[in-house]
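Asker:
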Amino acid sequence: MITIYNFSEGQEDVFCISIGEQEKTNLLVDGGNGNIDFITKMEEFGIEELHYVLLTHIDQDHIRGLINLFKNKENYEGITVIYNKFINGVISYNQAKQFEELTERFHNIVSYREYQDSVGSIIFLSTGQREKLEKEEGKIYITFLAPNEEKVQKLYEYYDYYKSRNKPKAGNGKIVNQSSIIFILEYNDYVVLMTGDGYIEDIIEDIKDLSDTNKTNNPIEKFDIIKIPHHGSEDNNKQLDELLKRLPCDKFIITNKFKDFKQNDVRINKVLIDILNGKTVYSSSYEGEYKDKGILTVIKENVIKL
3 MITIYNFSEG QEDVFCISIG EQEKTNLLVD GGNGNIDFIT KMEEFGIEEL HYVLLTHIDQ
63 DHIRGLINLF KNKENYEGIT VIYNKFINGV ISYNQAKQFE ELTERFHNIV SYREYQDSVG
123 SIIFLSTGQR EKLEKEEGKI YITFLAPNEE KVQKLYEYYD YYKSRNKPKA GNGKIVNQSS
183 IIFILEYNDY VVLMTGDGYI EDIIEDIKDL SDTNKTNNPI EKFDIIKIPH HGSEDNNKQL
243 DELLKRLPCD KFIITNKFKD FKQNDVRINK VLIDILNGKT VYSSSYEGEY KDKGILTVIK
303 ENVIKL
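With my numbering applied, the sequence shown corresponds to residues 3 to 308, in that order.
(1) Considering Cα atoms alone, identify which of S10, I227, D252, I4 is closest to K302.
(2) Across which residues does DSSP place T42 in a beta bridge pair?
(3) Quick check: V55 and F40, are their CB atoms within less than 8 Å of each other?
(4) What residue range does the beta strand (DSSP E) around F126 cover?
(5) With a 10 Å radius around its C-beta and 16 neighbouring C-beta atoms as the bar for buried, classify Q118 as buried or exposed.
(6) Does N28 pass the burial test, meaning 16 or more other C-beta atoms within 10 Å, or should it be called exposed?
(7) Quick check on DSSP: helix, strand or coil for L56?
(8) Under 7 Å Cβ to Cβ from I124, same chain only, skipping five residues before and after it: list those, please.
(9) Can you tell me the Cβ-Cβ gap for T129 and D211, rounded? I've got them flagged as a contact below 8 Å.
(10) Output the distance between the C-alpha atoms of F146 and E133, rounded to the nearest integer angstrom.
(11) Does the pairing of the region 99-109 with the region 65-83 give three or more beta-carbon distances under 8 Å?
(12) Report buried or exposed for N86, applying the criterion of at least 16 other Cβ atoms within 10 angstroms of its Cβ.
(13) Taking only the alpha-carbon atoms, compute the straight-line gap between I4 and D199 and give it to the nearest angstrom.
(14) Mind checking Q24: buried by the 16 CB within 10 Å criterion, or exposed?
(15) Looking at I256 and I230, is the spacing between their C-beta atoms short of 8 Å?
(16) If we ignore side chains and look at the alpha-carbon of each, how far apart do D237 and Y201 end up?
(17) Which residues bound the beta strand (DSSP E) around F9?
(18) So the candidates are L104, N96, T58; which of them puts its Cα closest to the Cα of Y78?
(19) Put N304 into one of helix, strand or coil per three-state DSSP.
(20) Please report the distance separating the alpha-carbon of T82 from that of G48.
(21) For D191 and M44, what's the separation of their Cα atoms in angstroms?
(22) Taking the alpha-carbon of V194 as reference, which of V178, F225, G280, S235 has the nearest alpha-carbon?
(23) Just to confirm the assignment: which complete beta strand (DSSP E) runs, minimum length 3, are found wholly within the region 172-217?
(24) Are the CB atoms of I84 and S113 nearer to each other than 8 Å?
(25) Assuming I228 and T58 make a contact with CB atoms under 8 Å, what is their CB distance in whole Å?
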């Protein structure tokens, strides 16, 4: 069983993924903008222990809540923190630097390495390792699809600019979003795609390889659920239709204020709405129907069981 607890409220990402039958492995993915007491919410659902914390990237609506978590909780000995080291000797944004300082005592996994070491109950894989994998029943696998080393290097260069001028470089928000960790989570027959604020176009070739019977021992055949990247942004989802032709999926999560996007949020585009037509779409803040088209029904649900 995989249960996804979506604690996001509107345009932010906070997910706790609980994996397993009796002995649960709990993975926290991002921490939102810091306004949510997600630890209390997890305890309400009987989630008392975190084994892994994964930060996809450093944007405010992903990192702030994790900073609060590590500031206020001291009893996370043995936890594994998954993120791409930001500073690499460079002074970065204050929040990124603060996160590194708060988590330096934990074991760290960096996603863009060609060879991944396994820690605890989760087996971590690069795409090359996943292609050669002989899957075992009852094992949990995470395969990192993005970012690659080139995208991370651009992020370091971005921070060099910030360091020298003490301000962000205009027009380069895409560099931060392309540093998002995108990963596939597999447990028995379940397959979940988590995308952060990444770009589908950056993972499409790896998806093709991992679904190709000639290139991998255990090809992926479908996704059980996909977290739509970057709140439904058009640029981030340009090749979603191509991905779904390769690997079908009927369930999606989107972290956005759906009811407001017609007036206030132009990022959710008509192409995406057409792609999601007839699918099950879980929203972080809204339940209802997209009235203009009358085709897209959105469900607000904190607990998604696969």
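Beta carbons: idealized from backbone N, C-alpha and C, even for Gly.
Answerer: On the basis of the data shown:
(1) Per the C-alpha coordinates, the member of S10, I227, D252, I4 positioned closest to K302 is S10.
(2) Looking at the DSSP output, T42 bridges to nothing.
(3) Cβ distance not < 8 Å, so V55 and F40 don't count as in contact.
(4) DSSP places F126 inside the beta strand (DSSP E), whose first and last residues are 124-127.
(5) Result: buried.
(6) Counting the other CB atoms within 10 Å of its CB gives N28 a total of 16 or more, which places it among the buried residues.
(7) If DSSP states are grouped into helix, strand and coil, L56 belongs with the strands.
(8) So the list reads T27, Y54, I142, I144, once near-sequence residues are dropped.
(9) That pair is a contact at about 7 Å.
(10) Taken atom to atom, the span from the alpha-carbon of F146 to that of E133 is near 12 Å.
(11) Because the criterion of three Cβ pairs below 8 Å is met, the region 99-109 and the region 65-83 touch.
(12) Counting other Cβ atoms within 10 Å of its Cβ, N86 reaches 16 or more and is therefore classed as buried.
(13) Each residue's Cα considered, the two are about 22 Å apart.
(14) By the 10 Å Cβ count, Q24 comes out exposed.
(15) Closer than 8 Å, so yes.
(16) Answer to the nearest angstrom: the Cα atoms are 7 Å apart.
(17) Looking at the DSSP string, F9 is not in any beta strand (DSSP E), and its letter there is neither H nor E.
(18) Nearest C-alpha to Y78: L104.
(19) Under the three-state reduction of DSSP, N304 is assigned to coil, being neither helix nor strand.
(20) Straight through space, the alpha carbons of G48 and T82 are spaced by roughly 21 Å.
(21) Spanning the two alpha carbons is a distance of roughly 25 Å.
(22) With respect to the C-alpha of V194, the residue from V178, F225, G280, S235 having the closest C-alpha is F225.
(23) Listed in chain order, they are 184-189, 192-196.
(24) Yes, the pair counts as a contact, with Cβ atoms nearer than the cut-off.
(25) About 14 Å separates the CB atoms of I228 and T58; that is not less than 8 Å, and the two are not in contact.
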